[in-house]
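When we follow the working numbering, the leftmost residue of the sequence shown carries the number 69, and every step to the right adds one. Heads up, the thing below is written out as structure tokens.
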Amino acid sequence: PRKKVVMFLDELPWLASKKSKLIQALDYYWNAHFSKVPNFILIVCGSAASWMLDNLIHAKGGLYNRLTVRMHLEPFDLKETKKFLENNSIKLSNSQILDLYMAIGGIPFYLKEAKKGQSACQIIDALCFKKSGLLHSEFENLFHALFDQAEVHQKIIEEMAKAGSVISREALLKVLRLKSGGAINRRLYELEASGFIKCYVPYGNKKRDRYYRIIDEYTLFYLKWIEPLVRSGAYSGKEDHWQKLAKSSSRYSWAGYAFESICLKHVHQISQALGLSKISYLVGTWRYIPRKGSKEQGAQIDLLFDRDDGVVNICEIKYCDQKFVIDKAYAKKKIKKIEVFQKRVNTSKELFLSMITTRGVKKNLWSKELMHSEATLDDLFK
């Protein structure tokens with residue numbers, strides 16, 4: 069043909085079921101015919117990331133190394149979410165957008181359901197707690213759409229959530245009553261490829277000391293707030309459910325972790341706010357858990373920047389509805405944490421405390437003495 073011809077196959081994993089033989093046909097026609105037509109472009113996409121990786125990106129046989137360009141579509145970050153909402157004539161403050169993002173993440177398919185004139189609480193109530201809402205029962209549908217053995221993947225995620233959303237590989241295998249091997253490795257690989265979890269090695273640890281963290285906002289929100297209601301069978305479906313929970317202590321506790329998780333997705337923006345744009349650094353998290361019976365104090369660092377200029381920025385992440393106040397007791401705890409880090413890591417680098425907060429840090433004697441730099445919610449939108 070003289071004109072450009074584009075063939076677009078949407079949700080290829082669904083189309084290419086085992087009985088369809090679509091992949092075999094695609095293999096044959098691409099190599100025998102389509103690849104020889106200069107004006108022909110084939111575009112394929114799929115939300116089952118692990119299937120796309122196995123059958124196309126890491127394909128063997130006739131489709132090996134046939135890709136020209138690959139695009140991994142990530143969820144929107146906070147800045148992109150704000151632009152998307154504004155494009156739909158929805159103008160919310162950065163704080164309101166954060167509240168919405170902590171519940172449903174940066175998925176355009178979810179965000180497009182937001183209605184003009186509603187607050188973040190109202191949008192969340194309509195999407196998540198109204199029985200006809202898009203996300204009220206999306207969780208199980210999502211897993212069954214993405215995975216052949218969805219019950220196993222759900223069990224892994226649920227156990228991680230029970231453990232506080234971060235768990236060591238060793239502890240995860242223990243609660244699942246499974247041995248390390250190909251089966252569990254495969255399930256974890258599929259969950260990570262699909263954007264539900266992230267595997268990481270804490271700063272200074274050996275490679276075998278792997279931890280897993282749930283990074284999908286909707287998954288965390290569903291398991292914490294929606295699933296218990298659905299399971300109880302007592303939920304009335306009232307549309308102001310989340311608005312009533314918004315000021316509860318349990319909601320603040322959950323928001324602290326959710327905000328921390330979002331900060332870990334906006335490391336570049338945080339580094340810019342901390343003045344590290346022209347400095348090379350490694351990013352990590354760190355934790356020290358003393359052995360049972362030990363009198364030593366444990367410690368955990370939410371985020372750190374190990375800089376090439378002889379400094380480590382130790383970051384504390386705090387979610388607050390107002391300016392965060394550093395008092396004597398808090399300062400004492402942070403000084404102790406830094407001492408534990410310095411001792412266990414055995415570093416000679418300077419240690420700077422950086423605060424990452426939603427509303428900023430109130431200036432006082434303790435903040436002046438302890439804090440070296442800070443980033444706020446507004447910085448995450450840059």
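Even glycine gets a Cβ: it sits at the ideal position worked out from N, Cα and C. Please read all numbers here as calculations on a predicted model, not as lab measurements.
For residue i: DSSP bridge partner residues
i, result
"T253", "Note that residue 253 corresponds to Asn in the displayed sequence, not to Thr. Looking at the DSSP assignment, N253 forms no beta bridge with any residue, so it has no partner."
"W354", "I369"
"L77", "V112"
"Y398", "Bridge partners of Y398: none, in fact."
"V429", "F392"
Endpoints, beta strand (DSSP E) assigned at residue i
i, result
"S441", "439 to 444"
"C189", "Run containing C189: none in the beta strand (DSSP E); it sits in the alpha helix (DSSP H), 188 to 192."
"T149", "No beta strand (DSSP E) contains T149, which is instead part of the alpha helix (DSSP H) from 146 to 155."
"S422", "418 to 425"
"I109", "108 to 112"
"S236", "234 to 236"
Which listed residue (the options) has its alpha carbon closest to that of residue i
i, options, result
"W434", "S441, K417, F409, V393", "V393"
"L313", "K292, I369, V413", "K292"
"G301", "K199, K402, E364, C331", "K199"
"R276", "L344, E219, R237, G114", "R237"
"L202", "Q311, H101, I294, V429", "I294"
"K230", "D216, F289, C267, E260", "F289"
"L342", "A443, A261, V243", "A443"
"E79", "K430, R255, L124", "L124"
"L350", "F327, Y325, K363, V379", "V379"
"D446", "I165, C189, E142, L419", "I165"
"G366", "K404, I347, A397", "K404"
"Q410", "I369, L160, L259, I330", "I369"
"T426", "L419, K223, F327", "F327"
"Q217", "L195, S422, L256", "L256"
"D374", "I330, F420, F197", "F420"
Residue i in three-state terms, based on DSSP
i, result
"L372", "strand"
"M228", "helix"
"Y349", "strand"
"R281", "strand"
"L135", "coil"
"V105", "coil"
"K386", "strand"
"F264", "coil"
"V408", "helix"
"V379", "strand"
"F449", "coil"
"Q217", "coil"
"A182", "coil"
"L240", "helix"
"E258", "helix"
"T287", "helix"
Buried versus exposed call for residue i [16 or more other C-beta atoms within 10 Å across all chains shown]
i, result
"P358", "exposed"
"M139", "exposed"
"N9", "Given a span of 69 to 450 for the chain in the structure shown, any question on residue 9 remains unanswerable."
"E384", "buried"
"T136", "exposed"
"C267", "exposed"
"W82", "exposed"
"I382", "buried"
"P69", "exposed"
"Y97", "exposed"
"E258", "buried"
Terminal residues of the alpha helix (DSSP H) in which residue i lies
i, result
"G324", "317 to 332"
"N99", "90 to 100"
"V335", "335 to 341"
"V298", "295 to 300"
"K312", "309 to 313"
"P176", "176 to 179"
"E208", "206 to 214"
"Q164", "162 to 172"
"S200", "Premise fails: S200 is in no alpha helix (DSSP H) and is neither H nor E."
Any chain D beta carbon closer than 8 Å to residue i
i, result
"K333", "The chain labelled as chain D is not found in the depicted structure, where only one protein chain is given."
Cβ-heavy atom distance, residue i to the ligand FMN, below 7 Å
i, result
"I369", "The ligand content of the structure shown is nil, which means the ligand FMN is not present either."
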